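> Protein chains in written order, with my numbering: chain A, 1 to 143; chain B, 1 to 121.
C-beta atoms are modelled at their ideal positions from N, C-alpha and C, and glycine is treated no differently.
A quick note: this is a predicted structure, and the numbers were derived from the prediction, not measured.
1) Less than 8 Å between the beta carbons of residue 75/A and residue 34/A, yes or no?
2) From what residue to what residue does the alpha helix (DSSP H) around residue 89/B run?
3) At a CB distance below 7 Å, what residues from the segment 103-116 of chain B approach chain A? Give them in sequence order.
4) With a threshold of 16 other CB atoms inside 10 Å of the CB of residue 89/A, please say whether the residue is buried or exposed.
5) Does residue 121/A get closer than 8 Å to chain B when you measure Cβ to Cβ?
6) Buried or exposed for residue 1/B, please, with buried defined as at least 16 other CB atoms from any protein chain shown within 10 angstroms of its CB.
7) With 16 as the cutoff for other CB atoms within 10 Å, does residue 90/B come out buried or exposed?
8) By a C-beta neighbour count over all protein chains shown, 10 Å radius and 16 as the cutoff for buried, is residue 17/B buried or exposed?
9) Mind checking the segment 66-84 of chain B against chain A and listing, in chain order, the residues whose C-beta falls within less than 8 Å of any C-beta there?
10) Does any C-beta atom of chain A lie closer than 8 Å to the C-beta of residue 133/B?
11) Sort 96/A, 97/A, 71/A and 118/A by Cα distance to residue 81/A and report the nearest one.
12) Locate the alpha helix (DSSP H) running through residue 117/B, then write down its first and last residues.
13) When we look at the beta-carbon of residue 70/B and count the other beta-carbons within 10 Å, is it buried (16 or more) or exposed?
14) How far does the alpha helix (DSSP H) with residue 73/B in it extend, from its first residue to its last?
15) According to a CB-to-CB cut-off of less than 8 Å, which residues of the segment 35-46 of chain B neighbour chain A?
16) How about residue 108/A: is its C-beta nearer than 8 Å to some C-beta of chain B?
17) Contact criterion: CB-CB distance below 8 Å. Does residue 21/A meet it with respect to chain B?
18) Give me the subset of the segment 50-61 of chain B whose CB atoms are less than 7 Å from a CB atom of chain A, sorted by chain position.
19) Under 8 Å by Cβ, that's how I've got residue 93/A and residue 102/A pegged, so tell me the actual separation to the nearest angstrom.
20) Under the assumption that residue 126/B contacts residue 119/B (Cβ atoms under 8 Å), give the Cβ distance between them as a whole number of angstroms.
21) Taking the alpha helix (DSSP H) that residue 32/B falls in, what are its first and last residues?
22) Note down the Cα distance separating residue 22/A from residue 50/A, rounded to an integer number of angstroms.
23) Find the nearest neighbour of residue 12/B within the set 32/B, 35/B, 106/B and 94/B, judged by alpha-carbon distance.
24) For a test of the three-state rule: what should DSSP assign to residue 75/A, helix, strand or coil?
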């Protein structure tokens with residue numbers, strides 16, 4: 001038996017076994033989520049400026065301090081980090097960097113996603129638990 | 001003819017290049033934006049807090065770059081998805097491109113208008 005029929009039969013099932021196809025699908029889904037979020041973000045922030053002296057803006061920020069909103073923020077961080085780091089991988093592929101080790105590059109990028117996510121999740125859940133960020137004020141940043 | 005159609009459905013060389021350029025701008029500016037809003041100032045987000053931060057012109061510049069690069073990247077990305085699934089004719093593709101540019105410019109203007117009260121607060 002020649003190799004050809006087997007290869008033909010494997011098309012389709014084989015494509016979706018490849019890491020790259022799942023990476024592509026998640027990239028597209030996270031991208032669409034981010035388009036929606038960016039639109040909502042601009043509309044919410046700018047519309048709150050119709051209030052006098054920042055009153056409406058502060059009310060919106062208080063509303064977004066709700067634990068459900070913060071958990072949604074953490075989910076958004078996952079979408080942002082995945083899209084950003086998979087995007088870095090795509091740019092590396094475009095430049096021809098590491099094409100022969102693309103799976104290593106993909107999983108390295110995902111490791112960066114996990115590390116950054118842990119930092120954001122730690123800060124968010126410290127805030128939820130203590131009602132204050134872990135290094136709030138400690139770094140001397142204007143507040 | 002075939003090659004021409006494929007090229008049109010790929011969205012064009014300049015769109016491809018700008019998608020990469022805005023991607024790099026977004027990674028740098030978004031890292032700054034998220035660090036200052038959500039890591040260093042968590043729990044303090046309010047009108048005066050944002051005003052204090054944006055008093056440093058650099059952060060205002062970062063936000064304006066984010067607006068422009070983010071809107072371009074988002075809408076061009078959306079355009080690429082539409083080109084894959086729905087935009088089969090060149091006329092439709094052109095109409096959607098023009099529509100998305102109008103939407104993008106409207107969002108850019110509204111976003112800068114929203115930042116305006118903090119500039120020189």
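If we stick to the structure as given:
1) With contacts defined as CB atoms closer than 8 Å, residue 75/A and residue 34/A fail to qualify as a contacting pair.
2) Note, residue 89/B: premise wrong, no alpha helix (DSSP H); not H, not E.
3) 107, 110, 111, 113 and 114: these are the residues of the segment 103-116 of chain B whose beta carbon lies less than 7 Å from some beta carbon of chain A, given in chain order.
4) Result: buried.
5) no
6) With a pLDDT of 37 at residue 1/B, under the threshold of 50, the predicted position of this residue should be treated as unreliable, though the coordinate-derived value follows. Burial call: exposed.
7) exposed
8) The residue is exposed, with fewer than 16 neighbouring Cβ atoms inside 10 Å.
9) 67, 70, 71, 74, 75, 77, 78 and 81
10) One cannot answer for residue 133/B here, as it falls past the ends of chain B, which runs 1 to 121.
11) 118/A
12) Looking at the DSSP string, residue 117/B is not in any alpha helix (DSSP H), and its letter there is neither H nor E.
13) buried
14) 57-85
15) 36, 38, 39, 40, 41, 42, 43, 44, 45 and 46
16) no
17) no
18) 52 and 53
19) 7 Å
20) Because chain B here runs from 1 to 121, residue 126/B falls outside it and cannot be looked at.
21) 13-34
22) 43 Å
23) 94/B
24) helix
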